Every structure is written in C-alpha cells, then in structure tokens.
Amino acid sequence: MFRLKRFLILLLSIAVIFTAFFFFAVKLAYISLPSDYIEEKVSFIKDTIKVYSNQYGIPHIIAKNERDAFFMMGYQHALDRLWQMELYRRISQGSLSELLGPDKLNIDRFYRSLQFQKIAKKIWKIMDKDTKFMLQSYSEGVNYFIEENKNKLPLEFNALNFVPQKWEPIHSIMVQRFLAFEQSVAFSMDITISQIALKLGMKEAQELIPHFDIFKNNDTSKSKINQIQKGSSSQTYNKISTKYLAEVLSEVAITIIKKDKLLNKEVLATGSNTWVTRKIDSINNNLILANDPHLKLGLPSYWYQIHVTCPNFNVTGMSIPGMPLVLVGRNDYISWGMTSSMADDCDFFVEMVDSTDNDYYYLNGVRKAFNYIKDTIRIKGKEASKYYLRETERSAVISDAYSKSETKNLFWSNCLSFSWSGQYPSNEFKAMYLVNKAKNKTEFENALSLWSVPGIIFSYADKQGNYGLKSAIKLPIRNLTNPIFINEGWKQGKAWASELSNETVPAIFNPKSKFVVAANNKMSFNYASYFTSYYSLDKRAERISEILNQHKEYYIRDAQIMQMDLLSLYAKEFLELTIPYLDRNNKFLNDTEKEGLNKLKKWDLILSPISTSASIYTKFFERIIYNTFYDELKDDLFSEYTSFSAFPAGKILELLKASDSTLHWFDDKRTKPVENKEQIIMISYNEAIEALKSLFNTDNPNLWKYGENHQLILKHFLSGNLLLKPTLEIGPFKLGGDFSTINVLYGSISNPKEISLGASMRFITDMEENYIYFILPGGSSGDPVSPNFLNQVQLWLNGGFIRIGTNPKPDKEFILKIVFKPK
Numbered sequence: 002m003f004r005l006k007r008f009l010i011l012l013l014s015i016a017v018i019f020t021a022f023f024f025f026a027v028k029l030a031y032i033s034l035p036s037d038y039i040e041e042k043v044s045f046i047k048d049t050i051k052v053y054s055n056q057y058g059i060p061h062i063i064a065k066n067e068r069d070a071f072f073m074m075g076y077q078h079a080l081d082r083l084w085q086m087e088l089y090r091r092i093s094q095g096s097l098s099e100l101l102g103p104d105k106l107n108i109d110r111f112y113r114s115l116q117f118q119k120i121a122k123k124i125w126k127i128m129d130k131d132t133k134f135m136l137q138s139y140s141e142g143v144n145y146f147i148e149e150n151k152n153k154l155p156l157e158f159n160a161l162n163f164v165p166q167k168w169e170p171i172h173s174i175m176v177q178r179f180l181a182f183e184q185s186v187a188f189s190m191d192i193t194i195s196q197i198a199l200k201l202g203m204k205e206a207q208e209l210i211p212h213f214d215i216f217k218n219n220d221t222s223k224s225k226i227n228q229i230q231k232g233s234s235s236q237t238y239n240k241i242s243t244k245y246l247a248e249v250l251s252e253v254a255i256t257i258i259k260k261d262k263l264l265n266k267e268v269l270a271t272g273s274n275t276w277v278t279r280k281i282d283s284i285n286n287n288l289i290l291a292n293d294p295h296l297k298l299g300l301p302s303y304w305y306q307i308h309v310t311c312p313n314f315n316v317t318g319m320s321i322p323g324m325p326l327v328l329v330g331r332n333d334y335i336s337w338g339m340t341s342s343m344a345d346d347c348d349f350f351v352e353m354v355d356s357t358d359n360d361y362y363y364l365n366g367v368r369k370a371f372n373y374i375k376d377t378i379r380i381k382g383k384e385a386s387k388y389y390l391r392e393t394e395r396s397a398v399i400s401d402a403y404s405k406s407e408t409k410n411l412f413w414s415n416c417l418s419f420s421w422s423g424q425y426p427s428n429e430f431k432a433m434y435l436v437n438k439a440k441n442k443t444e445f446e447n448a449l450s451l452w453s454v455p456g457i458i459f460s461y462a463d464k465q466g467n468y469g470l471k472s473a474i475k476l477p478i479r480n481l482t483n484p485i486f487i488n489e490g491w492k493q494g495k496a497w498a499s500e501l502s503n504e505t506v507p508a509i510f511n512p513k514s515k516f517v518v519a520a521n522n523k524m525s526f527n528y529a530s531y532f533t534s535y536y537s538l539d540k541r542a543e544r545i546s547e548i549l550n551q552h553k554e555y556y557i558r559d560a561q562i563m564q565m566d567l568l569s570l571y572a573k574e575f576l577e578l579t580i581p582y583l584d585r586n587n588k589f590l591n592d593t594e595k596e597g598l599n600k601l602k603k604w605d606l607i608l609s610p611i612s613t614s615a616s617i618y619t620k621f622f623e624r625i626i627y628n629t630f631y632d633e634l635k636d637d638l639f640s641e642y643t644s645f646s647a648f649p650a651g652k653i654l655e656l657l658k659a660s661d662s663t664l665h666w667f668d669d670k671r672t673k674p675v676e677n678k679e680q681i682i683m684i685s686y687n688e689a690i691e692a693l694k695s696l697f698n699t700d701n702p703n704l705w706k707y708g709e710n711h712q713l714i715l716k717h718f719l720s721g722n723l724l725l726k727p728t729l730e731i732g733p734f735k736l737g738g739d740f741s742t743i744n745v746l747y748g749s750i751s752n753p754k755e756i757s758l759g760a761s762m763r764f765i766t767d768m769e770e771n772y773i774y775f776i777l778p779g780g781s782s783g784d785p786v787s788p789n790f791l792n793q794v795q796l797w798l799n800g801g802f803i804r805i806g807t808n809p810k811p812d813k814e815f816i817l818k819i820v821f822k823p824k
C-alpha cells in the first residue's frame, strides 16, 4: 500500500512538472506577442503618435510630423518583422555563419564580395540631409523597439539564442541594394550563358537565347556591338585557359544556386503584372490600377501593409521591412504599381593577373595593383575564418570566395570581377519619398528620375484621369563590353564608363487605348543604349490585354478575378504546334495516349488544380524541354538554363515553328540515330503519358488532376529544423497556374511539383473610391505564434482581398493599439 501511494505521488509530481513545463513553454513562445494596448512616453519623438490596427494587424500610423511618422514606421516594422529585417541585414553583411555555422561560409564570402556595405557608405555620403534624416528617424524607431523588448523577442531569436544589434541607416541602404541584386536576372544568366558558350560554342549559346538580337533598341551602338560579336568567342581568351573559365564559372554558379536554395528561390522570378484601365472607355477620370509582383513565396511575406498619415503625407500600400516608405500604393492624388523591366544591369570580366607577380593585374592594357582587404567571418561553434579579398578598380574579385585546395591556386592567378548598376551611388529612397508625396504626373516623373536600380516599370494613375507606364533606371555605358558573355577585362574599351547614363528613359502616358499593361514583356520603349535580352514571354501581357479589350465596363471585382486567371495562351500556341504531329502518328498511339490526346484537343486551356488536361500538357511540355536541351547541357547547366522559364519556353516555340524538321537541337547526342522534330515530339508525348501513369499509379487519365502534382508549401527560413517545422510552415496547397498564366504559380522544370514563385501580394485601387484592396500570402506579422502570421493565406489562395480606407482618419474597423507621447 505504501509503495502504491509513493508511486501515485511520483506520477502526480511528474504530471505537475510536465504541466508546469508545458505552460512555461507556451508562455515563453507567446512572450513576443505585443500587448493589446501600449502607451508609453518616448524621448525620441516630438509629438503624440497613435497607431490603429484592424483584425488583420494592419497598422494605420497617425503622426503630427514626418519625423515621428518615420520613427513609428521603423518601430512597427520591428514589432512585426524584426526577424525578416535581421535576416536581410545579415545576408547583405555576409554574416550568416555567425548564426548558422560553417556550411554558410561560402555564401557569406560570396555576399561580402558584392560589397553592399561599401556601396551603402558611398550612397550615404551623397545623400541629401532630408533623406538621411528620414533614415535616421526610421532607425531610431527600430532601435527603440529592440531596446524595450530584448527579453521578449520573436521565436527565431530565442531558437538561435541571440539579440540583434542596433539598426543603422546604412543597414536600410544595404537592404535596398541586396533586394535590388536579387532582382537581377543578368547576374545568374550571364554566368549560365557564358558556361554554355565555353562548353558548346558562342553560336550555340546565342541560339539558346530566344529572339536573340543584340542590335534591337541599340541602333546607336551597333558598330560597337559589331566589334564585340566579331571578337567574342572562347578562342579569344588566348592568355587565359577555357579550363580556368569553366572552373571558376562553375564555382560561382554553384554558390548562386546554394544561396538561392537558402532563400527558397530555386527559380528566377519572371517578374510581375501591372495594368491601368479606364472603367468606362468614354469617361476619362475613372481609373483602376492593379499590381501583383511575382517573387519567391515564403514566410514571412515579402511585403508589409501599412497606412501612414501626417501633415502633407497620407499614403497607403505595401512597404518592405527594413526600408521606410511605401513602394506600391496610393496617396490622396495618385496611385502607382511596379514590375521588373528585366534590364540587363550586370556584366562579368575575367581579369588577367600578372604572371610574374600575382599582386598585379591588367586593366585597359595598364598594369594595376590589387587592393587587398583583410576580412574576418565569425562562425558559430568554430574559429573565425580570416582571409584576403582582392579588389580591382571594377569590383571585388568574386572568385576569391572559393578556397577549395584543388582550385585555390588556380583562382588566385586568375580571377573574375563584375560591373553592376547597383555599385553606382543613387538615391532610391529620395525617389520613393517624392513618389509617396507626388500630386501629379510631373512630380511622379521627376521623382523617378532619381531611381537607378533595380530597373522598374512603374504604372501610374491619378484622380485627374492621367495614366501610363514610366521606366525607372539608369543604364550603364558599356562601350565595347559584351552584355551577355564574359569579357576580357584587360582589353582597351571593355570597361563600363565611370558613371551611368543620364539619358531620358521612356514613358507612355494617356495612350489612345483605354489601358496600359506591363508584364515583363518586351515593351515598345526605345532605349538609346542596349537594354536587355532577358525579357519574359509576352503571353501574360497578351492575356491581360485580351481580357481588358472584352470589357466595356470594368470594376474592382473584374480586376480581382483577372489576377486569379489561369488560362494559358502559351499552352494554346504550344499545342497548336505539336498536336498536328500527334494526329499524324495517331495510329502509333495506345489507348491511354489517344485518350490523353483527345483531352488536349478539348481542353479549355485553363490550368486549374482539378484539370487532367493541364497535367498532360505540363508533363508533355517538360519532356520536350528535357529531350531537346538536356543532352547538350547535362545536369547543372540544364538546371541553370531552365531556372529562367522565358529561355527554354521561348526557345522551344521558335524551334517548333522552324521549317527545318532536322534542327540539330532536336537530335539526341546520346544516341546514334539522328532524331528530328517529329520524333522528339512523339517520344516526349509517350514519355509524358508513361510518367503520369507512374506518378498517379493509374492509367486512367480522368484521375490525373493537376493540383496533385503542383503544390505550394509556404516555408520559413528556419523550417528545415524538424522541431520548428510544424510552427514555421503551412501547406501543401493544391493549386493551378504556371509561368505563363496571369496568376503565376510556378516551380521549375527540374522540380515541377513544388511551387516556389507566385504573386507575392496583390494590390488594386479605384481612383474614384477612397479604398485600396490588397492581400498577402501570409500575414502582417512575421512572428510564427501571432494570429496575424497566416491569417491572410486562405484569402490569398481563393482570390479574396482586404479593403481598407485611404482617408487620413482611421476606418471604424481599426482599433487604437499604440499611443506614444514625448517624454
């Protein structure tokens, strides 16, 4: 009896301890959540600041001066997204190893070679006092939050056991440059195309660029580009071996892939959609503006919704944590959206190191000394890594990021540098400050004349009925630089000019048509200098225009439905080019293949998650891409080339349209027979049907639903940790769409099942109303235990929106949450 009693007491004690631990753990997890109401006296502010929030945690800041407004914006960003800000800061600094260990060392060294901190310091020096004042106020708000909440930081800080350092204005500049760099398709694809040129030859590499014509929109530079074309082949590197180039490019490519995986960005962004249209064609001043930027999808959401009001400043829309101001939004007079112009803003150079003294290299035929920078990277659980980073006049040597013993000596005696528009000082913060305050088209255009990087096409609408598109970028003056392939850095005339071009960039305002559209497609803009070969396909723009032309009257709900559109005009053209070959060989098809073909013929071209025809089409498309290009490119290069969907998708249409049925790309180099277009189409279709039978474990095409093999999981940076994973990610969601639909939902040809790219937000406004409609694939909070971490996901999935007012007074749905008074 006594033993039983002791046993029961022991059990009871264990239960009490477990219960206490459980409640302690829950309390610890939820300690980071803000109080329902905060009222404090603050020494940094001049007057009372109030913050109202709605049920989704979207703040409306009301201040009595701009300084306090920016202070509160910094505080609010830190309150909801401090981890996201810290992550951006650490990536741009190259200091992930300090938190995550030695496997991030190469990524840190890579980002340090981009020298965001050096660039930011240059920009800070040329900044005007007002912009500096804005960034300082914002930083004070961030730091006030950190100082007051060191013991109740979000889950990520507890999991990694650290407290963030103070935020400085220069960190906001670094974040801007880091995010601009991540938008550069050229940085990745120039490396890829150069690797292909070294492996297959310059002619073949050029052939893999759809519609390749380096002279387009470049008439003034045609003679210079001609010189580039004549002298650009792997044989011109007579002083530097192609083996070296292949090795160093491969290493750089591997690191780019690693850092993209780290950022859950395994496919290059195809950009965004934006359009402005009249609601009724006969009435001028009734405009709707819509925007949905396509970026990597993850948690927390890329954007942060906010409304900021103070005298002479009332703006509502989408901001990015780490930076003050609204990047997509609306004020009392105008609204604006943005989409990538896909500008080629980066070129690479192989530097010739003096063979008699590795401390020197040649630039424009002149011997120059490297600048050596001694750097130290702290590593969690290990000794710090100390190394030298070499600098040329052009940039740091990015190939110095690699230290494998078998390649170190090779990389030291040869090196790779780069030129990027983001290296040149510019003031995008001033540009957006003036956009946020602009009252008309002239002020809007003048503001964007300060913008340099990334290259953006802004959409515009105002209450007076003006609408249009404005390109915002400063282009490099390339001289004899080849914009696609690696350049010989030692040769005269190969370097970029010391300043970016001041040429007036194009705009379209108030055209004859009732709407304007930008979807990363090739615009009718005429740039004086070479612009890009990295356009996305025009199918999304065509589909948007097709729908807008069908509407005699157009309203907010029409825009909302359009942003969810899943019809593919690309699929239409692809099938028109391939089905005739399948029909011609119908007698060779088995029953399942015939049924699949009939489904494709009857398909409505909508890639819905329940469509079986969509499954057949996408697998057919994937197999044709693979069977056409893989045998020449092989694993790594195939993966890199297909990561930018516009290249393989655009090129395969060109090849399918070509009259010569024996084009060499269709021949499988791994087999003795010479395959032609018709054979590759048939082989690919056969393989697609077999792959679907295996994938779905049935030969019944009616069960091959697209969404079963096309899914989205919203992942957090730390969701690779199995203990944290259940808290830090959500999904899978079975979805439709692909790279060519207005509602972009896309993974990659190498990993088609996992969606990684899509609408990072959706934004719509009607200039006759005092409301905006927006939504995120996540929530306003970045804290995984917050009710606002995921509470917009279902709305985003189903085409829903949150409507908030743009008036200076808070909507009735908004409740007072924070009051700060001057101390």
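Numbering (my numbering), first residue to last: 2 to 824.
Every residue gets a Cβ at the ideal spot worked out from N, C-alpha and C, and that includes glycine.
Keep in mind the model is a prediction, meaning the values are calculated, not measured.
Quick check: the Cα distance between residue i and residue j, rounded to an integer number of angstroms?
{"i": "residue 514", "j": "residue 538", "result": "22 angstroms"}
{"i": "residue 544", "j": "residue 743", "result": "7 angstroms"}
{"i": "residue 60", "j": "residue 510", "result": "33 angstroms"}
{"i": "residue 806", "j": "residue 308", "result": "9 angstroms"}
{"i": "residue 526", "j": "residue 458", "result": "11 angstroms"}
{"i": "residue 139", "j": "residue 491", "result": "44 angstroms"}
{"i": "residue 813", "j": "residue 55", "result": "9 angstroms"}
{"i": "residue 489", "j": "residue 111", "result": "22 angstroms"}
{"i": "residue 739", "j": "residue 117", "result": "34 angstroms"}
{"i": "residue 322", "j": "residue 212", "result": "38 angstroms"}
{"i": "residue 152", "j": "residue 183", "result": "33 angstroms"}
{"i": "residue 615", "j": "residue 154", "result": "45 angstroms"}
{"i": "residue 811", "j": "residue 296", "result": "31 angstroms"}
Taking the beta strand (DSSP E) that residue i belongs to, which residues open and close that run?
{"i": "residue 276", "result": "272-279"}
{"i": "residue 391", "result": "383-392"}
{"i": "residue 682", "result": "Counting along the chain, residue 682 falls outside any beta strand (DSSP E), though it belongs to the alpha helix (DSSP H) covering 678-697."}
{"i": "residue 706", "result": "Neither: residue 706 is in no beta strand (DSSP E) and is coded neither H nor E."}
{"i": "residue 306", "result": "305-311"}
{"i": "residue 733", "result": "731-735"}
{"i": "residue 339", "result": "335-341"}
Less than 8 angstroms separating the beta-carbons of residue i and residue j?
{"i": "residue 824", "j": "residue 43", "result": "yes"}
{"i": "residue 195", "j": "residue 486", "result": "yes"}
{"i": "residue 765", "j": "residue 562", "result": "no"}
{"i": "residue 746", "j": "residue 756", "result": "yes"}
{"i": "residue 277", "j": "residue 589", "result": "no"}
{"i": "residue 773", "j": "residue 318", "result": "yes"}
{"i": "residue 316", "j": "residue 437", "result": "yes"}
{"i": "residue 454", "j": "residue 422", "result": "yes"}
{"i": "residue 442", "j": "residue 461", "result": "yes"}
{"i": "residue 334", "j": "residue 471", "result": "no"}
{"i": "residue 300", "j": "residue 717", "result": "yes"}
So, is residue i buried or exposed, given that buried needs 16 or more other C-beta atoms within 10 angstroms?
{"i": "residue 477", "result": "buried"}
{"i": "residue 581", "result": "exposed"}
{"i": "residue 819", "result": "buried"}
{"i": "residue 499", "result": "exposed"}
{"i": "residue 680", "result": "buried"}
{"i": "residue 332", "result": "buried"}
{"i": "residue 533", "result": "buried"}
If you follow the alpha helix (DSSP H) that residue i is part of, which residue opens it and which one closes it?
{"i": "residue 78", "result": "67-94"}
{"i": "residue 199", "result": "186-201"}
{"i": "residue 614", "result": "613-643"}
{"i": "residue 826", "result": "With the chain covering 2 to 824 only, the question about residue 826 has no answer from this structure."}
For residue i, is the beta carbon positioned less than 7 angstroms from some heavy atom of the ligand SAH?
{"i": "residue 813", "result": "You won't find the ligand SAH in this model; it holds no ligand whatsoever."}
> Is the segment 77-90 touching the segment 158-170, taking contact as three or more C-beta pairs under 8 angstroms?
Replying inline: yes
> Would you say the segment 384-394 touches the segment 147-161, given that touching needs at least three Cβ pairs under 8 angstroms?
Replying inline: The segment 384-394 is not in contact with the segment 147-161.
> Counting Cβ pairs, one atom from each stretch, are 3 or more of them under 8 angstroms apart for the segment 432-448 and the segment 276-283?
Replying inline: Contact between the segment 432-448 and the segment 276-283 is absent, with fewer than three C-beta pairs closer than 8 angstroms.
>> Taking 8 angstroms as the cut-off, does the segment 596-610 touch the segment 693-710 (at least 3 CB pairs, one atom from each stretch)?
In response: yes
>> Three or more C-beta pairs under 8 angstroms: does that hold for the segment 352-360 against the segment 325-339?
In response: no
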